[in-house]
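Right, one structure below, let's go through it.
2 protein chains.
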Amino acid sequence: MRQADIIAKDIENRIVTGELDHGVRLDEVSIAERHAVSRTPVREALQLLTASGMVEHLPRRGVFVRQPDLVELLQMFETMAEWEGVAGRLAAMRIDGEGLARLMAADTACAAAAAAGDADRYYSENAVFHAVIYAATANAFLEGELLRLHHRLRPYRRSQLLMRGRMEQSLSEHRAIAAALRDGDANGAAAALRAHVTVQSERIHLMLGRTKAAS
Amino acid sequence: MRQADIIAKDIENRIVTGELDHGVRLDEVSIAERHAVSRTPVREALQLLTASGMVEHLPRRGVFVRQPDLVELLQMFETMAEWEGVAGRLAAMRIDGEGLARLMAADTACAAAAAAGDADRYYSENAVFHAVIYAATANAFLEGELLRLHHRLRPYRRSQLLMRGRMEQSLSEHRAIAAALRDGDANGAAAALRAHVTVQSERIHLMLGRTKAAS
DNA sequence: GGTTTGCACCTTGTATACAATATGATTGAC
DNA sequence: GTCAATCATATTGTATACAAGGTGCAAACC
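Chains as they are written, first to last, in the UniProt record's numbering: chain A, 1 to 215; chain B, 1 to 215.
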């Protein structure tokens, strides 16, 4: 793996963990020293992050960490909800036996993780559940866009799984989604998936509102 | 503007015009010589293009032009149609008087361009019409994603405006969309916008099929 | 004659040196 | 005392030099 990719991943982690907060300027030289490399791979890493939208690049000024505020976060979740709804509509019309089998397997794995109270495992199995639906759209381009946004929202979705009862509620929503897909109910699947994501959005709203009030 | 941006734009143009076809390897040195610069800004330009998905980067191998084939193109248009539908649904619920006024102004400008038979002008005014709808979603993130995909599909959409009667048909579709938005008919606006883009997709299918058969 | 291995060359990845521009402070004028 | 202009400094943008890895050809062996 190239140095640029390693550095980009490191900075990405430090951004999502909050170590690098909004507005912090990412100095090329200090990052280069931290990783014991020259500025060249650092610059490439910063360009990767710029493309993913995690940092902002101001010409001749430098790159700055760009943490989405509450408004932008809610907009991103609304977009995710709508896109998941689209995926559900298409998947309901196109999913085949193999896809349904994979969906059931993912559902079972989610249930096992929830029963064990393992939030980390639930998170990753939940990601599989959704990825199966993305793949069932039979649209590789849309699938890629969905995976990209899903990944970008990962840190904000993950934190709220710790809320009490969220895993069980999520699981029951999965059941409704799977049923609609099985029955070929396009509108039902779209509505169920939109609601599934919108719930997360509302929880985030509560959490960040609380955090802000506490700080 | 940085050299990297200039070079990226140049290569992008040469890709969309077909001068650089699928699979062509973009040699850093020859591009650098072409623009009379060093390899450094060329590498940055290639990274920008990699991020936008126009070229593919294979480590230690180089970057290669990546023209979407017919299947991928149809998938991209299907995605655009669905996303436009989403935008229509949200815009119908949220558009205000000013937004409607801007929509009408864009419609008038489209009509003028169509009456003059000016395909170029129709194209740019059509882009405004759609951009107004994107903005009316009151979701800046979604708006950005829509503009990004719209731009990416630009070369493929543009070519088919030359087809006879397309501008008139497009115009009448715009009227239906505007009416649904004015009436706050969310489902109607979504369906009208989906259909509006899907028609383009079908035309593309015909055109590329023909081109392929002719070559 | 076919296959495999080694070497030369070419290309990408990285380091460093140089150029240009924005920032901030300092000094001068009003 | 305040504002503006200018210059020093630091940081980004670009060029060039060096390192490392991959490709293709050729020669030798099977």
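For every residue, glycine included, the Cβ atom is placed at its ideal position computed from N, Cα and C.
Selection from the options that minimises the alpha carbon distance to residue i
i: aspartate 107 of chain A; options: A/Asp118, A/Arg94, A/Tyr122 and A/Ala191; result: A/Tyr122
i: glutamate 19 of chain A; options: A/Arg66, A/Arg61, A/Glu78 and A/Leu147; result: A/Arg66
i: methionine 93 of chain B; options: B/Glu78, B/Asp118 and B/Asn139; result: B/Asn139
i: threonine 172 of chain A; options: A/Gln160, A/Gln47 and A/Ala195; result: The identity of residue 172 of chain A in the sequence shown is serine, whereas the question assumes threonine. It is A/Ala195.
i: asparagine 13 of chain A; options: A/Met80, A/Arg152, A/Ala112 and A/Ala135; result: A/Arg152
i: aspartate 21 of chain B; options: B/Met80, B/Pro68, B/Arg148 and B/Trp83; result: B/Pro68
i: glycine 144 of chain A; options: B/Thr79, B/Glu33, B/Leu26 and B/Ile11; result: B/Thr79
i: residue 288 of chain B; options: B/Leu73, B/Thr137, B/Arg61 and B/Trp83; result: Residue 288 of chain B is absent from the structure shown; chain B starts at 1 and stops at 215.
i: glutamate 82 of chain B; options: A/Lys9, A/Val199, A/Ala178 and A/Leu146; result: A/Leu146
i: leucine 49 of chain A; options: A/His150, A/Leu26 and A/His35; result: A/Leu26
i: aspartate 183 of chain B; options: B/Leu100, B/Thr40 and B/Arg39; result: B/Leu100
i: leucine 103 of chain B; options: B/Ile177, B/Gln200, B/Asp5 and B/Ala186; result: B/Ile177
i: arginine 148 of chain A; options: A/Asp10, A/Ser170 and A/Ala131; result: A/Ala131
Coil, strand or helix - residue i by DSSP
i: serine 215 of chain B; result: A caution first: serine 215 of chain B carries a pLDDT of 42, below 50, which makes its placement in the model unreliable, though a value can still be read off. Coil.
i: glycine 62 of chain A; result: strand
i: histidine 196 of chain A; result: helix
i: histidine 57 of chain B; result: strand
i: leucine 49 of chain B; result: helix
i: leucine 103 of chain B; result: helix
i: leucine 26 of chain B; result: strand
i: threonine 40 of chain A; result: helix
i: glutamate 98 of chain B; result: helix
i: glutamate 202 of chain A; result: helix
i: glutamate 33 of chain A; result: helix
i: leucine 153 of chain A; result: helix
i: leucine 20 of chain B; result: coil
i: glutamine 67 of chain B; result: coil
i: methionine 163 of chain B; result: coil
i: glycine 117 of chain A; result: coil
Cutoff 9 Å: residue i Cβ touching any chain B Cβ
i: proline 59 of chain A; result: yes
i: methionine 76 of chain A; result: yes
i: glutamine 47 of chain A; result: yes
i: threonine 17 of chain A; result: no
i: threonine 40 of chain A; result: yes
i: glutamate 44 of chain A; result: yes
i: alanine 136 of chain A; result: no
i: threonine 79 of chain A; result: yes
i: residue 245 of chain A; result: Because chain A spans 1 through 215 in this model, residue 245 of chain A falls outside it and cannot be assessed.
i: serine 52 of chain A; result: yes
i: glutamate 145 of chain A; result: yes
Host alpha helix (DSSP H) of residue i (start-end)
i: methionine 167 of chain A; result: 166-182
i: asparagine 139 of chain A; result: Unbroken run through asparagine 139 of chain A: none, as it is neither H nor E.
i: methionine 76 of chain A; result: 70-94
i: glutamate 12 of chain B; result: 3-16
Closer than 9 Å to chain A by CB, residue i
i: leucine 26 of chain B; result: no
i: glycine 85 of chain B; result: yes
i: phenylalanine 141 of chain B; result: yes
i: glutamate 82 of chain B; result: yes
i: leucine 90 of chain B; result: yes
i: arginine 2 of chain B; result: yes
CB-CB length for residue i against residue j, believed under 8 Å
i: isoleucine 31 of chain A; j: valine 16 of chain A; result: Rounded, the Cβ-Cβ distance is 17 Å, inconsistent with contact.
i: alanine 51 of chain A; j: isoleucine 7 of chain A; result: About 14 Å; that fails the 8 Å criterion.
i: alanine 87 of chain A; j: leucine 193 of chain A; result: 7 Å
i: glycine 23 of chain B; j: phenylalanine 64 of chain B; result: 6 Å
i: glutamine 3 of chain B; j: valine 37 of chain B; result: 5 Å
i: phenylalanine 129 of chain B; j: cysteine 110 of chain B; result: 6 Å
i: threonine 137 of chain B; j: alanine 91 of chain B; result: 5 Å
i: alanine 189 of chain A; j: arginine 89 of chain A; result: 6 Å
i: alanine 114 of chain B; j: glutamate 202 of chain B; result: That pair is no contact at about 20 Å.
i: glutamate 28 of chain A; j: valine 197 of chain A; result: 37 Å between Cβ atoms; not a contact.
i: isoleucine 204 of chain A; j: tyrosine 134 of chain A; result: Contact doesn't hold; Cβ gap of about 21 Å is too wide.
i: glutamine 200 of chain A; j: phenylalanine 77 of chain A; result: 6 Å
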